[in-house]
Amino acid sequence: MKLDIQLLSIIFSFSYGIIVSYLYNISYSFLYKTSILYRVVINVLFCIDVGLIYFLLLKVINYGVVHIYFVMVFLISFILFSGKYKNLRKCVKLKKSKVKSMDKKC
Numbered sequence: 003m004k005l006d007i008q009l010l011s012i013i014f015s016f017s018y019g020i021i022v023s024y025l026y027n028i029s030y031s032f033l034y035k036t037s038i039l040y041r042v043v044i045n046v047l048f049c050i051d052v053g054l055i056y057f058l059l060l061k062v063i064n065y066g067v068v069h070i071y072f073v074m075v076f077l078i079s080f081i082l083f084s085g086k087y088k089n090l091r092k093c094v095k096l097k098k099s100k101v102k103s104m105d106k107k108c
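Taking the working numbering, the leading residue of the sequence shown gets 3, the next gets one more, and so forth.
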């Protein structure tokens, strides 16, 4: 694989990890007060969708070649930005899985 395609794939993996971290924290906020069965089903569907979208977009960039360092960069960016987006959970006040209001300070 050429170097420019590898760099583009690494940048894509890093940015996709940031986006997935943000979406995970938002979905966690909405699922916090729901039943356990609903949480499991939504989390499984979320993981399948995230994996499928990652592979499909990687297929556009480098014909679907997945290297271990792409996955490592994805996981590192997910972990790094997961802590930053945790404050987003505190900003959303929930009442039986519906958004009540958002704080302007967050």
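Yeah, the Cβ is synthetic: ideal placement off N, Cα and C, and Gly gets one too.
Model, not experiment: these values are computed from the prediction.
task: Please list, in chain order, all residues of the same chain as Asn-64 whose beta carbon is under 6 Å from its beta carbon, the five residues on each side excluded.
output: Excluding positions up to five away in sequence, the list reads Ile-7 and Ser-11.
Check: Excluding sequence positions up to five away, which residues of its chain have a Cβ less than 6 Å from the Cβ of Phe-16?
Finding: Here Phe-16 has Val-75 and Ser-79 as same chain residues with Cβ atoms under 6 Å from its own Cβ, once five neighbours each way along the sequence are excluded.
query = When DSSP labels each residue in this structure, what does Tyr-26 get in the three-state scheme?
reply = Three-state result, Tyr-26: helix.
*asked:* Looking at the secondary structure, which residues open and close the alpha helix (DSSP H) in which Val-43 lies?
replied: Note, Val-43: alpha helix (DSSP H), 38-64.
Nearest to Val-52 (by Cα), restricted to the options Tyr-18, Met-3 and Gly-85: Its Cα nearest to that of Val-52, the residue Tyr-18 stands out among Tyr-18, Met-3 and Gly-85.
- How about Val-68 and Leu-60: do their beta carbons lie closer than 8 Å? Against a cut-off of 8 Å, the Cβ pair of Leu-60 and Val-68 comes out as a contact.
Taking just the CA atoms, how far does Asn-45 sit from Tyr-56?
Approximately 16 Å, taken between the alpha carbons.
Just to confirm, are Leu-47 and Arg-41 a CB contact at a threshold of 8 Å? With respect to Arg-41, Leu-47 sits apart: the two C-beta atoms are not nearer than 8 Å.
Check your understanding: Which of helix, strand or coil does DSSP assign to Met-3?
Key -> Of the three classes helix, strand and coil, the one that applies to Met-3 here is coil, per DSSP.
Original post:
In angstroms, rounded to a whole number, what distance separates the CA positions of Lys-4 and Lys-35?
Top reply: The alpha-carbon atoms of Lys-4 and Lys-35 are separated by roughly 48 Å.
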